[in-house]
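First up is the structure itself, then whatever we jot down about it.
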Amino acid sequence: MKSQNDVVPPSTPPVQPQAQFVTIAEEEAGQRIDNYLLRVCKGVPKSHIYRILRSGEVRVNKGRIDQLYRLAEGDVVRIPPVRVAEKAPTGAPAAEFKIIFEDAQLLVIDKPAGVAVHGGSGVSFGVIEQLRASRPDAKFLELVHRLDRDTSGLLLLAKKRSALTNLHEQMRDGVTDKRYLVLVAGDWKNARQHIKLPLHKYTTAEGERRVAVQADGLASHTVFSLLHKYNNFALLEAELKTGRTHQIRVHLSSSGFPIAGDDKYGDFALNRALLKADATRGALKRMFLHAHQITFVHPETGKTMTLNAPLAAECERFLVSLGKPLAVATR
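In full-length UniProt numbering, the protein residues as written are 1 to 331.
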């Protein structure tokens, strides 16, 4: 479903007979006019969007603008008649997720494992598309950051562009603090360990996104704290100092401690064994990586907030099946 400011409602014919005039709301202010048009003109080729901008058919407050113009609250945008794709893409099914926190600025959910945060790379839709479908009146809803499809836990979304910009600045400046719970295979020794390995992102021949430790890669830093030790496993808390793709997974795998259930960088023989419960251990059918805590400054109130999401039930059950921890780290 689309908001009232969308150019082409589902019931309209492929060609709009008249220009539309849209008043920019507070939630839409701050974005560039080209990005705004690409979002609201569903099905219109990108080349056509830039053509109508260059030709002056798009006006703001009755004046010509270029593609770099940033919209302000109260701007009146003239959108000319545009031809959309004859077949609209299938919409995402509406869905809601467990809400950890919500106000006028933010929505924080507990994402389950196995759900992508957005469509793409063979995934038709993800969390963001499903939430937009379930909240058709929301004028603005965007991901603040991302989680891997197989990672569960805290996911932040902004309900206003100003909140999105503010939180992105916090992440760039290192203000936010993200913590994960992760179960690794192996005999982990240190109570607290820093791993600094440069990471290089590449694409496989099959088009799959991967990351490897490489000397000329991006500087990456994770701090791991030991929480509990079990026979052949250790439960760690991972603290991200940088936010690279697959950072925790590759840092651990490259250090000889693969994440239980990781199907990209893990121990594949172990993963196959974990899929089946045995006499002493339960089954684990997902990657054991959970975003359990995030700290940030609220973009409107300026107060520091720390939010938590309990360990996913399937991970908790697997830990219980491992029995009593062998040791508890002193931190």
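For glycine and all other residues, C-beta sits at the position ideal for the given N, C-alpha and C.
Sixteen is the threshold: when 16 or more other Cβ atoms of the shown chains lie within 10 Å of the Cβ of F257, as they do, the residue is buried.
Put simply, the segment 188–203 does not touch the segment 141–156. Fewer than three CB pairs are less than 8 Å apart. Burial is judged here by how many other beta carbons sit within 10 angstroms of a residue's own beta carbon; E28 has at least 16 and is buried. Rounded to whole angstroms, the Cβ separation of A260 and G153 is 16 Å, and the two are not in contact under 8 Å. By the criterion of a C-beta distance shorter than 8 Å, K276 is surrounded in its chain by A283, once the five residues flanking it on both sides are discounted.
A distance of 7 Å or more separates the beta carbons of K229 and L157. A straight line joining the alpha-carbon of E26 with that of V82 spans about 25 Å. Across the set E300, V211 and K62, the C-alpha of K62 shows the shortest separation from the C-alpha of V22. In the structure shown, the three-state DSSP call for A309 is coil. A buried status is given to I33, since no fewer than 16 other beta-carbon atoms sit within 10 Å of its beta-carbon.
Two segments are said to touch when three or more pairs of C-beta atoms, one from each, lie closer than 8 Å; by this definition the segment 173–190 touches the segment 292–301. In its chain, beyond the 5 residues on either side, A185 have a beta carbon closer than 6 Å to the beta carbon of L270. In the DSSP secondary-structure assignment, A234 is bridged to V184 and K229. Membership of V58 in any beta strand (DSSP E) is not indicated, and neither H nor E is assigned to it by DSSP. Burial check for Y265: the Cβ neighbour count within 10 Å reaches 16 or more, so the residue is buried. In this chain, the alpha helix (DSSP H) harbouring R39 covers I33 to V40. If you look at L141, you'll find it isn't in any alpha helix (DSSP H); DSSP assigns it neither H nor E. Around the Cβ of R317, a 10 Å sphere holds fewer than 16 other Cβ atoms; the residue is exposed. Under the three-state reduction of DSSP, T280 is assigned to coil, being neither helix nor strand.
Here V115 is buried, its C-beta having at least 16 other C-beta atoms within 10 Å. Taking each of S255, K98 and R135 in turn and checking the Cα distance to T222, the smallest one comes out for S255. Within the same chain, F288 and H290 come within 7 Å of C315 by CB-CB distance, once the 5 residues on both sides are set aside. Spanning the alpha carbons of S321 and L164 requires a straight line of approximately 41 Å.
Looking at the DSSP output, K159 shares a beta bridge with no other residue. Between T280 and the set T301, G323 and R249, the nearest pair of CA atoms involves G323. In this chain, the beta strand (DSSP E) harbouring Q20 covers Q20 to T23. D262 is the residue among D262, K241 and E239 whose C-alpha sits nearest the C-alpha of R249. Rounded to the nearest angstrom, the gap between the Cα atoms of I99 and V108 is 6 Å.
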